[in-house]
Structure formats: structure tokens, C-alpha cells
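Chemist: Quick one: structure below, then a few questions.
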Amino acid sequence: MTGRAAWPALPALILLFVFFLFPVVRMLGFSLEGGTLEWYAKALGEGLYLRVMWNTFEIALLVSLLCLLLGYPLGFLIATTTPGWATMGFIFVLLPLWTSVLVRTYAWMVLLGRNGVFNRLLMDAGITSDPIPMLHNFTGVLIGMVHVLLPYMVLPIYGAVRRVDPAVVAAAAGLGASNWRIFWRIYIPLTLNGIFAGCVLVFVLSLGFFITPALLGGGRVIMIAVLIEQQVREALNWPFAAALSAVLLVATFAVYALAQRFTQPEART
Amino acid sequence: MSNRGSADLLIEGVGKRFGEVMALNGVSLQVAQGELLTILGPSGSGKTTLLKVVAGFETPDGGTVTVGGEEITALPPAKRDIGMVFQNYALFPHLTVQGNVSFPLEMRNVARAEIDRRVAEAIAMVELKGYERRLPRQLSGGQQQRVALARAIVFNPRLLLLDEPFGALDRKLRETMQLEVRRLQRKLGLTTIFIAHDQEEALVLSDRIAVMNHGTIQQVATTTEIYERPANDFVADFVGESNIFHGTVSAPGTVALDNGRTLKVASSLPAGRKVGVLMRPERFSPGGANAFVGEVLEAVYLGTSFKLRLACEGGMELLIRQPAKGSLPGTGARIEVGIEPDAIHVF
Numbered sequence: 244m245t246g247r248a249a250w251p252a253l254p255a256l257i258l259l260f261v262f263f264l265f266p267v268v269r270m271l272g273f274s275l276e277g278g279t280l281e282w283y284a285k286a287l288g289e290g291l292y293l294r295v296m297w298n299t300f301e302i303a304l305l306v307s308l309l310c311l312l313l314g315y316p317l318g319f320l321i322a323t324t325t326p327g328w329a330t331m332g333f334i335f336v337l338l339p340l341w342t343s344v345l346v347r348t349y350a351w352m353v354l355l356g357r358n359g360v361f362n363r364l365l366m367d368a369g370i371t372s373d374p375i376p377m378l379h380n381f382t383g384v385l386i387g388m389v390h391v392l393l394p395y396m397v398l399p400i401y402g403a404v405r406r407v408d409p410a411v412v413a414a415a416a417g418l419g420a421s422n423w424r425i426f427w428r429i430y431i432p433l434t435l436n437g438i439f440a441g442c443v444l445v446f447v448l449s450l451g452f453f454i455t456p457a458l459l460g461g462g463r464v465i466m467i468a469v470l471i472e473q474q475v476r477e478a479l480n481w482p483f484a485a486a487l488s489a490v491l492l493v494a495t496f497a498v499y500a501l502a503q504r505f506t507q508p509e510a511r512t
Numbered sequence: 020m021s022n023r024g025s026a027d028l029l030i031e032g033v034g035k036r037f038g039e040v041m042a043l044n045g046v047s048l049q050v051a052q053g054e055l056l057t058i059l060g061p062s063g064s065g066k067t068t069l070l071k072v073v074a075g076f077e078t079p080d081g082g083t084v085t086v087g088g089e090e091i092t093a094l095p096p097a098k099r100d101i102g103m104v105f106q107n108y109a110l111f112p113h114l115t116v117q118g119n120v121s122f123p124l125e126m127r128n129v130a131r132a133e134i135d136r137r138v139a140e141a142i143a144m145v146e147l148k149g150y151e152r153r154l155p156r157q158l159s160g161g162q163q164q165r166v167a168l169a170r171a172i173v174f175n176p177r178l179l180l181l182d183e184p185f186g187a188l189d190r191k192l193r194e195t196m197q198l199e200v201r202r203l204q205r206k207l208g209l210t211t212i213f214i215a216h217d218q219e220e221a222l223v224l225s226d227r228i229a230v231m232n233h234g235t236i237q238q239v240a241t242t243t244e245i246y247e248r249p250a251n252d253f254v255a256d257f258v259g260e261s262n263i264f265h266g267t268v269s270a271p272g273t274v275a276l277d278n279g280r281t282l283k284v285a286s287s288l289p290a291g292r293k294v295g296v297l298m299r300p301e302r303f304s305p306g307g308a309n310a311f312v313g314e315v316l317e318a319v320y321l322g323t324s325f326k327l328r329l330a331c332e333g334g335m336e337l338l339i340r341q342p343a344k345g346s347l348p349g350t351g352a353r354i355e356v357g358i359e360p361d362a363i364h365v366f
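So the sequence lines, in the order shown, correspond to chains A and B.
Numbering-wise (the working numbering), the first sequence opens with residue 244 and increments by one.
Numbering-wise (the working numbering), the second sequence opens with residue 20 and increments by one.
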């Protein structure tokens, strides 16, 4: 970028500096308080915190996978259906995105609780006699997070499927490919970028997720953001919270950088 | 290639309506084994719809399509064994040349060794040896077209469809590719349908031409027949340059034009018959049984010929071509030309 082209971006750059870069630097400063690396040693050295971090990665990975499994067919459908249905689909995908995460999470608490809507339905139907635990555990966190993050998977996949040239699909059919093979040999490779973008987006957002695991996990599913909040609010250990945040930040960047390397689909024979 | 009956592709009474628009109106057409037939027409004439019906991308409202004796009207595209070259080639962008050409064989579950052999053969046939590992975006337009062609013929299709494949190429390359396609098509004996809106291209390539307009076939005939003896105004006007007039046969061998002029013609249509008359610009020469005297309205130098627009008596305007000899006549000059009766087509 030349100097001249950068001028119009100045207000945004100032904004980013004041509200993003400065706080991040301050946070890093906190984590090194007293000039020691002791808080990092604690974050990376103690089994408990490593477990939480591992837990976080595991949940983020599972959420990404579930979002992909649900989001690909949905994005594909919206991208290939008639305009009328596509609009309907879009409304259903975007409506939750415009609703507060807090509201949606509370709604899931109503649905998933011991005496929640789902358990009542299941018991009335005689499928189970005792309520299935779906709230304040791993399942609840997964359901809630997948619901909140699904649009971030659907939108990039929708965009990628839309960019596939219909003539290429017609050509594949004309050359003898069944719908199944068109899907696997044409659509999937040509939408890899969208899949990657969606997965990275969901994964990275999952890593730092707070409200949903805090409320639906009920203190039993600890993700790193929940841990950081506890350190700030209950333990009042700001340096340690800052060190954990720094670790999360680095991990997020690492995931992002790794994903970038794989975004260009390789040539295949 | 097998020896099938003379009509390899048989289209019978095919109709297709899109809302208010009649895209195809009872189209019937026969293409012989090994023949290259061009469907020629302006955009919106229904030629692309007809091609899609043959390829299986559109289902006709009525009528049948038969290939090699088997009716395929309701067959999905994947089961038709028809090779097609799309307007913009529609190569698979994520696959190499090798991958693109292998694709139809892989879909047919051909053994790997056999695939490699046939793909190498097809790639050699379109003269792309050495480009196997390139991606489509690393190829020029002409090379991409060769890949599309190789991909369309590698599985020995029963039919080859070419949907205006030369449109994106520059003139020189287009001519080379036309000859190449023609050579390959002859060599393989492939029954081929070629869609074109460029009449010159159609004349160069085809065994026969079917001229379409408004969803119906106006005329199906050999290239010379279409050019020399068009069936109606539309064909006469669409293919080549033309002077078209209307009149009545006043006596056998004489046509009285509506503008008052009388022409001697070689036709033996009975007196009283309403007819159209076509005179091609290049058929005029100095002298000739039907003489015209006209004032030059416009004169264009075209290298090998002069193209002149003449205003003749009775408000009759003529477009003529003369060999480029001497100097280009100026506007306003008076010129005498004539045309022989057998050079006039009456329809």
C-alpha cells in the first residue's frame, strides 16, 4: 500500500490502536508484572490449567466439526435452491445472528433443563422415563455453541458454493458423473476455501467463547475464557488472567496462521 | 465406431415452452452417422435449448430424441454418453489437464492403466503433449479449448456437441481450431452437432446446416444449398449478404417484382405464383441478361473486392460486389451491372 492510499484508513487505524492494540499491550504488561515469567510458568506448567486449555481446544474442535456437518448441507442447499427458498433459508440462518447471545443461551437453558421442553417431550412420548441431563454439562455447551456459531460456518460455505460455475457442474453431469460424484469430485474441492474459512472462524471464535460455556456449562465445563473470568472476578489475580489471555491469543494466531497455509487447494490429478 | 443406420440422431416433434416463450416449436431433425450438422440461428432462436434437450439438460414438453436407435428423451445427462464442449469450456478448475481428460473415464470406472493409455492418446490427438500437469488457468484460450475437446472425445461418445466453442478465441486461432475440430471429427467419424450464430463459421465447418428462428427450423440443407437456394427470406437474409425482392411470376421464366421491375429467371414456377427473389451481391457482373443502371450510394474497398450500394430505377436498392480492379467508384457515379437468369434464386 502506498502512503497516499493509507490516508483514508487513518481513522480506523487510530480506532484499532486505541481500542485494540493498546489494551493488548497493557494486558501483556500485566502478565509480566514484577518482571518475572512466573504467571506463564503457572499457566503452562500446572496440569490443571493445561487440562482446561486442552478442554478448550477439544470443545472448539468438536464445535467446528459439528458446525461443518450441519452447516455444509445447509449452506449448499441455500446456494443451490430457488431464490424464494434461499431467502427463507437466509432468514433462518441470520435471524439468530441478530439476536443477543445471552438471550439465545437462556433460551437453550429453558429448552434443555431437567424439566425443560425437550425432556418433557421425551418423557411424554415415553422415550425415556428419567430426564436426560442436557444442561450444565458437555452436551449442553456443545449444543449451545454450535447453535450460536452455525451462521459463521454457513455463510462462507454458501459463498463458496455460489461461486462454483454451473457450467462446470453441468459438464461433470454430461461426462457421466452421478450427483454423488459431482458432490465429492466437484463441489467439495471447489468449496474447500469456504470450508476452511468457516472452520477457522468457528474454531477461533470457540476458543475465546465465554457466555455460552459459562451459562450452559454450569461451572462443570471449564473453558479458558471461563477460567480467565474467574481469575479476574473471584481470585482477583490479574497478572495470571493476563498470562492466560496471552496464551489464548498466541494459540489463536497459531491456528489462524496454520490454516492460512492450507487455504490454497492443491492441484490434483 | 459402429455402423449404425443412416439417421444416427433423430429428433422428432420436440417442443419446449418457457412461460410465454415458445423456445422450441415441434422441431424435427435427422443427423446421419459421422455427419457434422450445424444449427445456425440468431440468439433466442432456440438453438441452445435444442442442444440442451439433446444433452439432457432440458426436458422437452413433447417429442422424442433418439440416438443410434435408442430413445434417450428421459435419460439423465450422465447416462447419455454424449460429449460436449461448452461455450466457455467449463473445464474443472481444480484438476490438471490429465485430471480433466481422465474424468469421464473415471466416472465410467475404467481401469487405471486403460485410463492412462486413452488419456495419453486423446491428449496427443489434440496436440497437448507435455501439458498434462498444468491447471486450466495456466493454459491459453486455445489450449483450454483443446482440453475441452479431448475431454469430450476420450470416452468414445455416441455424439459430440459443440456449443459455440470458438466465440472466445481471436480470429486467427479460431480458424485453426475450426480446421482442427473438423479434422478430428472426420478422423473419428463422430456424429456432431455444432451450434453457431456466425454464418461464416457454419459454412466452413458443416456437412449440412439447419437454420433456426423463433423455435422452428427454417431449412435443413447442405452448405451450398443453404447459400444458393435458401427456402425463405429469413434464411436468405441470415446467411450471407443478399438482395431480396418480392413479386409474382407473370409468365414461366419471368417475375414481375412489386417495385415494377421485370426479371428474367431460370425458374419454371407457374404464372400467378407469389415469389421471393434472391440475388447474391457477388453474382452481378458487367453485362448479363438482366441489366441495372444505378447511382453509387456507398462504396467500400475490401481488399479483394469493392462492395457497392446502388440506387437503381424504381427506388430499387442493390448491394453488389465487384473484383477490386481499377479505382474505387466514387459516390454519385453511374454504374451498369447485370445478372444472368440462372444466378437468380426464386423461392
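Glycine residues also receive a C-beta, built at the ideal position from the N, C-alpha and C atoms.
Predicted, not measured: the structure shown is a model, and the values here were computed from it.
Would the beta-carbon of residue 171(B) fall within 8 Å of that of residue 104(B)?
Modeler: For this step, residue 171(B) is matched to residue 152 along the second sequence. For this step, residue 104(B) is matched to residue 85 along the second sequence. For residue 171(B) and residue 104(B), yes; Cβs fall inside 8 Å.
Chemist: Which residue comes first and which comes last in the alpha helix (DSSP H) that contains residue 206(A)?
Modeler: Since the displayed chain A opens at 244 and closes at 512, residue 206(A) lies outside it and no answer follows.
Chemist: Under a Cβ-count criterion, where at least 16 other Cβ atoms within 10 Å of its own Cβ denotes burial, should residue 511(A) be classed as buried or exposed?
Modeler: In the first sequence, counting from the first residue as 1, residue 511(A) sits at position 268. With a pLDDT of only 37 at residue 511(A), under 50, the local geometry of the prediction cannot be trusted, and no value is derived from it.
Chemist: Can we say the segment 311-320 of chain A touches the segment 370-378 of chain A, given the rule of at least three CB pairs closer than 8 Å?
Modeler: In short, these stretches do not touch, since the Cβ pair count stays below three.
Chemist: So with CB distances below 7 Å, who are the chain A contacts of residue 107(B)?
Modeler: The residue given as residue 107(B) occupies position 88 in the second sequence. The answer, in chain order, is 410.
Chemist: Show which residues of chain B have a CB atom less than 7 Å away from the CB atom of residue 307(A).
Modeler: As a working note, residue 307(A) is residue 64 in the first sequence. Within chain B, no residue comes near residue 307(A); the closest Cβ sits about 23 Å away, beyond 7 Å.
Chemist: Anything in chain B within Cβ reach of residue 424(A), meaning under 7 Å, just list it in chain order.
Modeler: Indexing the first sequence from 1 puts residue 424(A) at position 181. Chain B residues near residue 424(A): 126.
Chemist: For a contact defined as C-beta to C-beta under 9 Å, what are the partners of residue 103(B) on chain A?
Modeler: Taking the second sequence and counting its residues from 1, the one referred to as residue 103(B) is at position 84. Correct list: 413, 414, 417 and 418.
Chemist: Output the distance between the C-alpha atoms of residue 232(B) and residue 251(B), rounded to the nearest integer angstrom.
Modeler: Translated into the one-based positions of the second sequence, residue 232(B) becomes position 213. Translated into the one-based positions of the second sequence, residue 251(B) becomes position 232. Cα to Cα, the separation comes out at about 12 Å.
Chemist: Helix, strand or coil for residue 150(B), going by three-state DSSP, please let me know.
Modeler: Within the second sequence, the letter at position 131 stands for residue 150(B). Three-state result, residue 150(B): coil.
Chemist: Quick check on the DSSP output: the alpha helix (DSSP H) that includes residue 132(B) runs from which residue to which?
Modeler: The sequence position of residue 132(B) within the second sequence is 113, counting from 1. 131-144 is the extent of the alpha helix (DSSP H) around residue 132(B).
Chemist: Using the Cα positions of residue 76(B) and residue 263(A), report the straight-line distance between them to the nearest angstrom.
Modeler: On the second sequence, residue 76(B) is found 57 positions in, with the first residue counted as 1. On the first sequence, residue 263(A) is found 20 positions in, with the first residue counted as 1. C-alpha separation (whole angstroms): 54 Å.
Chemist: Does the segment 43-60 of chain B come close enough to the segment 483-496 of chain A to have 3 or more Cβ pairs within less than 8 Å?
Modeler: These segments do not touch.
Chemist: Among residues of its own chain, excluding the 5 on either side of residue 192(B), which ones have a beta-carbon nearer than 8 Å to its beta-carbon?
Modeler: Translated into positions along the second sequence, residue 192(B) becomes position 173. Hits under 8 Å: 160 and 161.
Chemist: For residue 484(A), which residues from the same chain have a beta carbon less than 7 Å from its beta carbon, with the 5 sequence-adjacent residues on both sides left out?
Modeler: The count along the first sequence starts at 1 and reaches residue 484(A) at position 241. Once the five neighbours on either side are set aside, the close Cβ partners of residue 484(A) are 471, 474 and 475.
Chemist: Is it the case that the Cβ atoms of residue 460(A) and residue 383(A) are separated by a distance below 8 Å?
Modeler: What you label residue 460(A) is simply residue 217 of the first sequence in a count that begins at 1. What you label residue 383(A) is simply residue 140 of the first sequence in a count that begins at 1. Yes, these two residues count as a Cβ contact at 8 Å.
Chemist: I'd like the ranges of any alpha helix (DSSP H) spanning at least 4 consecutive residues and lying wholly in the segment 329-373 of chain A.
Modeler: Listed in chain order, the complete alpha helix (DSSP H) runs (minimum 4 residues) inside the segment 329-373 of chain A are 344-355 and 360-367.
Chemist: Since residue 311(A) and residue 396(A) should fall inside the 8 Å C-beta cutoff, what is the C-beta to C-beta distance between them, to a whole number of angstroms?
Modeler: Counting from one through the first sequence, the residue named residue 311(A) turns up at place 68. Counting from one through the first sequence, the residue named residue 396(A) turns up at place 153. Sure, about 6 Å apart at Cβ, within 8 Å.
Chemist: Should residue 282(A) be labelled buried (16 or more other beta-carbon atoms within 10 Å of its own) or exposed?
Modeler: Residue 282(A) sits at position 39 when you count from the first residue of the first sequence. The residue in question, residue 282(A), is buried, as its Cβ has 16 or more Cβ neighbours within 10 Å.
Chemist: Kindly provide the ranges of any beta strand (DSSP E) runs that are 3 or more residues long and lie completely inside the segment 255-340 of chain B, ordered along the chain.
Modeler: Here the runs fully enclosed are 262-270, 273-276, 281-283, 293-298, 309-320 and 324-331.
Chemist: For the segment 388-401 of chain A, which residues have a beta carbon sitting closer than 9 Å to at least one beta carbon of chain B?
Modeler: From the segment 388-401 of chain A, no residue has a Cβ closer than 9 Å to chain B.
Chemist: Leaving out five residues on either side along the sequence, give the residues of the same chain with a beta carbon under 8 Å from the beta carbon of residue 305(B).
Modeler: Numbered from its first residue, the second sequence carries residue 305(B) at position 286. For residue 305(B), where only same-chain residues beyond five positions count, the Cβ hits under 8 Å are 355, 356 and 357.
Chemist: Skipping 5 residues on each side, what residues in its chain have a beta carbon closer than 6 Å to that of residue 365(B)?
Modeler: Along the second sequence, one-based indexing puts residue 365(B) at 346. Excluding sequence neighbours, residue 365(B) sits near 284, 286, 294 and 296.
Chemist: Which residues does DSSP list as the beta-bridge partners of residue 454(A)?
Modeler: Residue 454(A) sits at position 211 when you count from the first residue of the first sequence. Answer is none; residue 454(A) lacks a bridge partner.
Chemist: Determine the burial state of residue 99(B): buried for a count of at least 16 other Cβ atoms within 10 Å of its Cβ, exposed for fewer.
Modeler: In the second sequence, the residue the question calls residue 99(B) occupies position 80. With 16 or more Cβ atoms within 10 Å of its Cβ, residue 99(B) is classed as buried.
Chemist: Considering residue 195(B), what are the terminal residues of the alpha helix (DSSP H) in which it resides?
Modeler: As a position in the second sequence, residue 195(B) is number 176, starting the count at 1. Where residue 195(B) is concerned, the enclosing alpha helix (DSSP H) stretches over 190-207.
Chemist: Measuring only between beta-carbons, confirm whether residue 438(A) sits less than 8 Å from chain B.
Modeler: Indexing the first sequence from 1 puts residue 438(A) at position 195. Not closer than 8 Å to any Cβ of chain B, the Cβ of residue 438(A) fails to qualify, so no.
Chemist: Straight-line CA distance for residue 458(A) to residue 338(A)?
Modeler: For this step, residue 458(A) is matched to residue 215 along the first sequence. For this step, residue 338(A) is matched to residue 95 along the first sequence. If I take the Cα positions, the gap works out to 22 Å.
Chemist: Is residue 123(B) close to chain A, meaning its C-beta is less than 8 Å from at least one C-beta of that chain?
Modeler: Against the second sequence, residue 123(B) aligns to sequence position 104. True, the Cβ-Cβ gap to chain A drops below 8 Å.
Chemist: Assign residue 24(B) to one of three DSSP states: helix, strand, or coil.
Modeler: Taking the first residue of the second sequence as 1, we reach residue 24(B) at position 5. With a pLDDT of only 45 at residue 24(B), under the threshold of 50, the placement of this residue in the model should not be trusted, and no figure is reported.
Chemist: Should residue 244(A) be flagged as near chain B, meaning a C-beta pair shorter than 8 Å?
Modeler: For the purposes of this step, residue 244(A) is taken as the residue at position 1 of the first sequence. Unreliable placement is indicated for residue 244(A), whose pLDDT of 48 sits below 50; the coordinate value is still reported in the next sentence. Not an interface residue.
Chemist: Quick one: which chain A residues come within Cβ less than 9 Å of residue 132(B)?
Modeler: Position 113 of the second sequence holds residue 132(B). Neighbours of residue 132(B) on chain A: none; closest Cβ ~15 Å, over 9 Å.
Chemist: Please report how far the alpha carbon of residue 28(B) lies from the alpha carbon of residue 424(A), in whole angstroms.
Modeler: Within the second sequence, the letter at position 9 stands for residue 28(B). Within the first sequence, the letter at position 181 stands for residue 424(A). Rounded to whole angstroms, residue 28(B) to residue 424(A) spans 28 Å at the Cα level.
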